[in-house]
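Trainee:
Protein chains in written order, with UniProt numbering: chain G, 1 to 714; chain W, 1 to 714.
1) Kindly confirm or deny that the segment 273–292 of chain W and the segment 327–343 of chain W touch, where touching means at least three C-beta pairs closer than 8 Å.
2) Which one of G:466, G:697 and G:343 has the shortest CA to CA distance from residue 683 of chain G?
3) Can you tell me the Cα-Cα spacing of residue 709 of chain W and residue 611 of chain W, whole angstroms?
4) Is the segment 513–526 of chain W in contact with the segment 185–203 of chain W, if contact means three or more CB pairs nearer than 8 Å?
5) Quick one: does residue 194 of chain G have its CB under 8 Å from some CB of chain W?
6) When the Cα atoms are used, what is the spatial distance from residue 577 of chain G to residue 542 of chain G?
7) Just to confirm, are residue 215 of chain W and residue 142 of chain W a CB contact at a threshold of 8 Å?
8) Is there a Cβ from chain W that is less than 8 Å from the Cβ of residue 493 of chain G?
9) Would you say residue 680 of chain W faces chain G, with C-beta separation under 8 Å as the test?
10) Whose C-alpha, out of W:487, W:152, W:689 and W:592, is nearest the C-alpha of residue 111 of chain W?
11) Taking DSSP as the reference, what is the three-state secondary structure of residue 393 of chain G?
12) Give the residues of chain G in contact with residue 426 of chain W, contact being defined as C-beta atoms less than 7 Å apart.
13) Check whether chain G comes within 8 Å of residue 643 of chain W, counting only Cβ atoms and requiring the distance to be less than that.
14) Quick check: residue 643 of chain G and residue 55 of chain G, are their CB atoms within less than 8 Å of each other?
15) In whole angstroms, what separates the C-alpha of residue 400 of chain G from that of residue 149 of chain G?
16) Got a sec? Which residues, its chain only, sit under 7 Å from residue 646 of chain W by beta carbon, not counting five neighbours each side?
17) Return yes when the Cβ of residue 640 of chain W is within less than 8 Å of the Cβ of residue 534 of chain W, no when it is not.
18) Mind checking if residue 343 of chain G is an interface residue toward chain W, Cβ cutoff 8 Å exclusive?
19) For the beta strand (DSSP E) that contains residue 575 of chain G, what are its first and last residues?
20) Would a check of beta-carbon distances place residue 123 of chain G closer than 8 Å to chain W?
21) Under 8 Å: do the segment 103–120 of chain W and the segment 439–447 of chain W share three or more Cβ pairs, one atom per stretch?
22) So residue 133 of chain G and residue 103 of chain G are supposed to be a Cβ contact under 8 Å. How far apart are they, rounded?
23) Do residue 433 of chain W and residue 403 of chain W come within 8 Å of each other at the CB atom, strictly closer than that value?
24) Can you give the Cα-Cα distance for residue 629 of chain G and residue 303 of chain G, rounded to whole angstroms?
25) Short of 8 Å Cβ to Cβ, which residues in the segment 262–275 of chain G face chain W?
26) Keeping to the same chain, check which residues put their C-beta closer than 7 Å to that of residue 13 of chain W; ignore five residues upstream and five downstream.
27) When the Cα atoms are used, what is the spatial distance from residue 700 of chain W to residue 681 of chain W?
28) Taking the C-alpha atoms as reference points, what is the distance between residue 712 of chain G and residue 658 of chain G?
29) Would you report the Cα separation of residue 622 of chain G and residue 476 of chain G, rounded to the nearest angstrom?
30) Check the Cβ-Cβ distances between residue 94 of chain W and every residue of chain G, and say whether any is below 8 Å.
31) Would residue 189 of chain W count as contacting chain G if we go by Cβ distances under 8 Å?
32) Could you tell me the alpha carbon to alpha carbon distance between residue 154 of chain W and residue 320 of chain W, rounded to whole angstroms?
33) What in chain W is Cβ-close to residue 385 of chain G, meaning under 7 Å?
34) Could you check where the alpha helix (DSSP H) with residue 97 of chain G kicks off and where it finishes?
35) Using a Cβ cut-off of 8 Å, pull out every chain W residue sitting near residue 748 of chain G, in sequence order please.
36) What residues in the segment 326–351 of chain G bring their beta carbon closer than 9 Å to a beta carbon of chain W?
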C-alpha cells in the first residue's frame with residue numbers, strides 16, 4: 001500500500017514538474033510576511049543588495065498575520081536562453097497598482113508596462129523617473145522582481161496557446177475593430193514579467209491581508225519610510241540659475257520682509273565653475289564667499305541646497321581619483337562614477353562631506369541622474385545601455401539604480417553625521433523608502449503631477465509637484481495648492497528673477513515688470529503657504545507613521561478602501577496622513593467631482609458634512625485648499641511659522657471632526673537620527689464628545705507642541 | 001635590426017589588440033562591394049536567412065568599383081555577456097540616413113535610434129512599421145547589423161572614458177543648460193550598435209563610392225527591387241468594412257460610370273466569418289457568391305484585394321493544422337503561425353492559394369503584423385516578446401520579421417504561379433526590397449507621411465500615404481496629391497460609405513449626405529488620378545530600374561546629390577524616377593519653399609525654368625501636381641486609362657525638357673515573372689534638339705507604348 005502511494009506521488013510530482021517547467025525553486029522567508037522565491041544564478045547586484053537600512057522586523061511582526069490570495073507555489077519561474085520569465089496568478093476581478101512613479105496610468109490591469117528610468121516619460125509605456133519592478137494588488141499582496149535589468153510586465157494581457165481545445169470564454173469572434181475593442185474581459189490569469197538577459201531571478205512576495213499591509217511590509221522591509229528633517233516640510237524656493245551671492249541674499253530678505261514662509265533656498269548650476277559636466281567647485285565670480293552666505297542664511301533661518309549632477313568634469317578635483325572607478329563612457333565629457341563600487345561612492349561622499357556638508361550645506365538637488373529622453377531621438381545624453389562599470393554593472397543596470405545609489409551616497413554622509421536632510425532627486429528605484437528625497441520632473445502637466453502624488457504611495461517614493469511658470473493666475477494658484485498638498489512644497493524659479501506670484505510671464509518677470517495685482521497674488525500665495533506651515537505637525541506625524549509603520553503619507557484611496565470598487569480607478573484624489581482626503585483642482589476647474597468613500601466627511605473650508613460612498617461637486621477658491629477631513633479625526637493645526645528651527649514651538653489648534661475623535665503627533669528634535677534610539681514622544685489627542693485630552697509618552701525632553709485650543713466641527 | 005623591428009611590431013600589435021578587444025574577426029565577400037564581418041556564434045535565423053531571392057551578382061559587378069571611406073578593419077566588434085557591440089567609424093562631417101521607414105526623423109546623425117516594429121510609432125525613438133538595422137552615410141557606404149534582435153544605434157552620441165588625458169576638444173565646460181544645448185559638435189567618432197542577447201553578430205558592409213551606389217548594392221544584394229504588377233501602379237480603393245457584395249459592385253459601377261480611374265478594390269474585415277482573430281472563410285451573410293463577385297469585377301477591369309491578418313481563429317480551417325506550429329501565445333485568441341517554420345508557412349500559403357489566389361484574388365492587405373502600440377500602455381495586443389516559436393525564434397525576434405515573413409509567404413504563392421501582385425502590409429524589415437508590398441499606417445500626420453516617402457528609399461521599402469478622412473477640402477486635395485506622387489495611390493475608405501471626395505465629413509458621408517460641391521471636388525480628384533495614370537509608364541520604368549539596378553524609385557535628394565550640403569536635411573522633397581522632383585504640400589500651404597539642386601529645372605505646371613542650387617517659393621493649386629522636371633529629361637506621359645489590363649496600350653506624349661534630352665521606358669507583359677528570363681523591351685527616347693527618336697531593344701513581342709507626340713518645353 002505504501003509503495004503504491006509513493007508511486008502515485010511521484011507520478012503527480014512528475015506531472016506537476018512538467019507543467020511548471022522550472023519548479024521547484026527555493027523559497028526563503030527573510031521577514032514576517034515576506035517570501036523570496038529564487039531560481040537560477042542571481043545577479044551580483046540587485047536593487048535589494050543596495051539597501052542602506054536593515055528591515056524593520058519588529059514592526060513587521062506587529063502587522064496583521066500574513067495572507068496571500070493564492071498559493072505561493074502557483075507563481076511560475078522559468079529561466080531560458082532569453083532571460084527569466086515570472087508568471088504570477090491573477091484573478092478576473094483584480095486591480096493592480098505600482099511600477100514606480102508612473103506618470104500616465106494608475107490602475108495597471110490590462111496594460112503592458114516597462115518601468116525604466118527616463119527623464120521625460122511621455123506616453124504610458126511605463127517610463128518614469130522612479131521605476132520599480134514592484135506592484136501591489138487590491139487583493140492584498142505585492143510582487144517585486146528583484147532585478148536591475150529592464151523588465152516588462154504584461155498585466156493580464158497574454159493568453160497562452162496551450163494544448164487541448166481552445167478556451168471558448170476568451171474567444172473574441174468579432175469581425176470589426178469596434179467589436180474587438182468593446183471586448184474588455186480578461187484574456188489571461190497571469191501577470192507575466194519578462195527579464196531579458198537574466199540568468200536567474202528573485203521574486204519578493206509581500207503578503208497582505210490587504211493592499212496597505214502589503215505596502216507597509218514593503219516599506220518596512222526596505223528599512224522603513226523616510227523621516228525628512230522637520231524643516232524639509234516647510235517651503236523650498238530655488239533661485240534663478242544666474243543669481244550671484246548678493247541676489248540670493250536679496251531674495252532671502254524678500255521672503256522674511258514679506259512674511260512668506262520659506263525654509264530652504266536652492267542654488268542652481270552656476271554656483272559651480274562648470275556644470276555640464278560638474279566641477280563641484282564654487283564659482284568665485286558668482287559666489288566669492290560661500291561660507292559667509294551659508295552662515296548669513298542660517299542666521300535668517302534658511303537652509304541652503306545645492307544643485308548638482310553626478311557627471312564629473314575633467315576640471316573637478318574628483319576627476320583624477322574617480323577616473324579609473326567610473327564607467328567606460330562619458331556624459332558631457334564627464335566621468336560617470338560607479339556608485340555600486342563602495343570606493344567610488346566613498347570618494348564622492350568624502351569630497352561632498354568635507355567641501356559642503358561640514359560647511360553647512362543642508363542638502364542637494366541631484367539632477368539628471370535619470371536617462372535622457374527615450375521618447376524622442378533628440379537631446380541624447382547620459383551613458384549608453386551597453387556601458388561597462390568596474391563593479392560589473394552594465395549601463396542598462398546602472399541606469400535603473402543610478403539615482404538610487406546617488407541618493408544612498410549622499411544620504412550616508414548625513415546619516416554618518418547624525419543630521420537629517422531632505423533632497424531633490426530626478427531618479428529613484430526599488431527599496432528607496434528610507435531615502436529623504438523627493439522626486440521632481442521637467443514634465444509639467446498639472447493633472448499628471450497630481451496623478452504622480454497618488455502613484456508615489458505605491459512605490460516607496462515621494463513626489464514634488466514643483467511650481468515653475470504659469471499660464472494664468474488660476475494656473476499658478478492651482479499648482480501652488482497641489483504643491484502645498486504634497487510631500488514637498490517647491491517653487492523652482494531657476495529661470496525667473498522674481499517669484500512667479502509677482503509676475504507669471506517669464507519675460508516680464510525677468511525684466512522686473514511685475515503684475516499690477518502682484519501684491520494681491522502674493523497675499524493669496526502667502527495664505528496657501530501659511531496653511532502648509534499649519535499642516536507641518538500633522539505631516540510630520542504622517543511621516544513618523546511612514547517611518548515606523550510603513551504607511552505612505554500620501555496614498556491612493558484604494559489603499560485605505562480596498563473593497564470599495566469606486567476607488568479602483570481614482571487617480572486624482574489621495575489621502576494625506578490618517579484623516580485628510582485631498583482632491584486638487586487644475587487651472588481648468590473652479591469646481592470638481594470628488595468621491596468620498598464610506599463614512600462621513602467634512603469639507604475643510606466650509607465645515608459642511610458629507611455622507612461618504614458618493615460623489616459630490618465641490619467648488620474651491622484659489623486661497624482655500626481642496627481637502628476633506630474624515631469624521632473621527634482630530635486635525636492638529638499649528639499657528640504658521642515662517643520657518644522651522646530646532647527650537648520652534650508649534651501652537652496647536654485641535655480641530656475636532658465629529659462627536660468623538662482622535663489624533664496623534666510625533667515629537668523629536670526634528671533633525672538628528674536620535675529617534676532611532678527611541679528619543680521621541682508620541683502624543684495622543686482624544687475628544688470624548690465633551691472635551692479634549694492630550695497624553696504624551698516617550699523620553700524626548702524638549703516639548704515642541706503646545707495645545708492652545710480645541711475647535712469642534714460638527 | 002630585424003629582431004628589433006619584429007619586437008616593435010609585436011608591441012604595436014599588442015597595443016592594437018588591447019584597444020580593439022575582439023579582433024580579429026572573419027571577413028567574407030559574398031558579392032562585389034559587399035563584405036560580411038562575423039564574430040561569435042551567429043543566430044540560426046537572421047534577416048538575411050529569410051531572403052527569397054538570390055543576390056543579383058551580375059548587376060552588382062556593373063556598378064562603380066567598390067570604395068569605403070575607412071579601413072574595414074577599423075570597425076570594432078565585441079561580444080560580451082550582455083550581447084554584441086559594433087562600433088563603426090564616423091567622420092565629423094558625416095550624415096546618416098535609414099533605420100527603416102522612420103516616421104519622425106530624417107538625418108539620424110546625433111540621435112539614438114532603436115528601430116523596432118510598432119503599430120503607432122509616435123515620437124522619434126526609432127519605432128516604425130518597417131524597421132531595418134541598416135543605415136547609409138553621405139560618405140558613400142551602408143552598414144547592416146544582420147540581426148532580428150532589438151538593436152539600438154547611437155549615431156555619434158557616445159564618448160568613451162579612455163586612458164590618458166581628457167579630450168579638450170569635446171569638453172563642454174558650460175554651466176548652464178543654454179550653453180549645453182548650444183554645443184552641437186560631435187562627441188564621438190563612432191556609430192555604436194548595441195545588440196543585447198546576441199552571442200555573435202554579422203555586420204554587412206555595402207560599399208559606395210557614393211550613397212546611391214551603396215543603396216543599389218543593398219537592394220541588388222537583397223534580390224533586386226520589387227516589380228509590382230503593372231496594374232498595381234494604378235489606383236486602389238478600399239471599401240467600407242461592412243459593405244455587402246452588392247454594395248461593392250455598386251461602388252465599382254460608380255467608378256466606371258464616372259470615369260474615375262481604379263484598378264483595385266479592397267475588401268475589409270467583414271468579408272470573413274470572423275476577423276479578430278481570422279477565419280479566412282468568406283462570410284456568407286455578406287458575400288453569398290464570392291466567385292461571382294471576383295469574376296464580375298474582373299470583367300469591369302478590377303482586381304480584388306482581401307484584408308486579413310495572420311492570427312488564426314479557432315473556427316478557421318487553418319487552426320488545427322497550425323496549432324502545433326505556432327507560438328506559445330495567442331493573439332485575440334488566435335494562433336500566431338511560426339512563419340520561420342517552412343511547414344507552417346507552407347500550410348498557410350497552400351490554403352491561401354487554393355481558397356483565394358486560384359479563384360482570382362489578386363492580392364492581400366496584411367494588417368496588424370506589426371506589434372501593438374508601445375507608445376501607450378493601452379490597446380495591448382500581439383504576442384509578448386518572450387514568446388517561444390517552434391523554429392526557436394523568440395517573440396522579440398519574431399516581431400522584427402513577422403511582417404517580412406508574412407510578405408514572403410504570400411509572395412511565394414504568386415511567384416510559384418508566375419503571377420505578379422501588389423500587397424498592402426503593415427510591417428517589414430531588412431532585405432525586403434524584392435517584395436511587392438507597400439507599407440501603410442494608422443497614423444495620419446500628412447507631413448510625416450511625406451517624410452516616410454523620403455525615408456522609404458533608404459530602406460528597400462515602399463510606402464503608401466493612404467487617404468482616409470479629411471478635415472477640409474484642402475486637406476483632401478493635398479493628401480490626394482501626395483498619394484498620387486507615391487508608390488501606391490490608395491484611398492482607404494474602410495469607414496466611409498461614399499468616397500471622401502463626395503463628402504469629407506464622416507457622419508454625413510455615412511448618411512449619404514453629400515457635399516454641395518461634391519461633383520466639382522470629384523472632378524478635381526479625377527484630374528489628379530488621371531495624372532497618376534499618365535505617369536504609370538514612367539513609374540513602371542522607375543520600378544524596372546529598382547528591380548534591375550537597385551535604384552529606389554522614390555528617394556531623398558541627398559541620394560542623387562550627396563555632395564550638396566543643402567540636401568542633407570531635406571525631408572520633404574524627393575526624386576521620382578530619374579527626372580522628377582516632388583515637393584508635396586500639406587493642407588496648411590498653398591505655396592511652399594522648394595530647394596532645387598544644381599542644374600536647371602522646370603515647373604511641370606507652368607513650364608517655367610529655374611536655376612538649381614537655390615530655394616524658390618512655388619504655389620500649386622489643388623488640381624496641379626507639385627513636381628519639377630530636371631533639364632535633359634524626356635517625360636513619357638500616357639493618355640490616362642481607367643485601369644490597366646494585360647492588353648492596355650499607352651498612347652504616349654514625350655515631354656522634352658531642355659535642348660537635348662533622354663528618357664527610357666520598360667515594356668513587358670506587366671503581370672508575370674517572364675521578365676526574369678529577359679522577356680522584355682528597353683525603350684530609349686532621345687531628343688537631339690530638333691526631333692525625337694525612339695529605339696526599342698529586347699524580345700518582348702507585344703508592344704505596349706505608342707509614341708503619339710513630342711512636346712518640347714524650353
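C-beta: ideal position from N, C-alpha, C; glycine also. Computed from a prediction, not measured in an experiment: that's the story for all the values here.
Mentor: So, to answer that:
1) Touching, yes.
2) Of G:466, G:697 and G:343, the residue nearest in Cα terms is G:697.
3) About 27 Å.
4) Result no; under three Cβ-Cβ pairs closer than 8 Å.
5) Chain W contact via Cβ: present.
6) If you take the alpha carbons of residue 577 of chain G and residue 542 of chain G, they lie about 5 Å apart.
7) Cβ atoms of residue 215 of chain W and residue 142 of chain W: closer than 8 Å.
8) Not closer than 8 Å to any Cβ of chain W, the Cβ of residue 493 of chain G fails to qualify, so no.
9) Chain G, which has no Cβ nearer than 8 Å to the Cβ of residue 680 of chain W, makes this no.
10) That would be W:152, whose Cα lies nearest to the Cα of residue 111 of chain W.
11) DSSP places residue 393 of chain G in coil when its eight states are reduced to three.
12) Residues of chain G with a Cβ closer than 7 Å to the Cβ of residue 426 of chain W do not exist; the shortest Cβ-Cβ separation is about 14 Å.
13) Contacts with chain G at 8 Å (Cβ-Cβ) do not include residue 643 of chain W.
14) Taking 8 Å as the Cβ cut-off, residue 643 of chain G and residue 55 of chain G do not qualify as a contacting pair.
15) When rounded, the distance between both Cα atoms is 7 Å.
16) Answer for residue 646 of chain W: 669, 670 and 671, listed in chain order.
17) Yes. Within cutoff.
18) Among the residues facing chain W, residue 343 of chain G is not included, as its CB has no counterpart in that chain under 8 Å away.
19) From DSSP, the beta strand (DSSP E) with residue 575 of chain G extends over 574–576.
20) Output row for residue 123 of chain G: interface = yes.
21) They touch, by the three-pair rule.
22) With a contact defined as Cβ atoms closer than 8 Å, residue 133 of chain G and residue 103 of chain G miss out at about 17 Å.
23) It is not a contact, given that the beta carbons lie outside the stated cut-off.
24) Rounded to whole angstroms, residue 629 of chain G to residue 303 of chain G spans 32 Å at the Cα level.
25) Closer than 8 Å at the C-beta level to chain W, one finds these residues of the segment 262–275 of chain G: 269, 270, 272, 273, 274 and 275.
26) Confidence at residue 13 of chain W is low in this model, with a pLDDT of 36, below 50, so its placement is unreliable and no value can be given for it.
27) Each residue's CA atom was taken as its position, placing residue 700 of chain W and residue 681 of chain W some 6 Å apart.
28) Between residue 712 of chain G and residue 658 of chain G, the C-alpha separation is close to 7 Å.
29) Their Cα atoms are separated by approximately 9 Å.
30) Answer no: the Cβ-Cβ gap between residue 94 of chain W and chain G never drops below 8 Å.
31) Not an interface residue.
32) Inter-residue distance for residue 154 of chain W and residue 320 of chain W is about 45 Å (C-alpha atoms, whole angstroms).
33) Within chain W, 152 and 194 have C-beta atoms less than 7 Å from the C-beta of residue 385 of chain G, given in sequence order.
34) That residue, residue 97 of chain G, is in no alpha helix (DSSP H); its beta strand (DSSP E) goes 96–100.
35) The structure shown does not extend to residue 748 of chain G, since chain G is modelled only from 1 to 714, so the question has no answer here.
36) Within the segment 326–351 of chain G, the qualifying residues are 326, 327, 328, 329, 330, 331, 332, 333, 334, 335 and 336.
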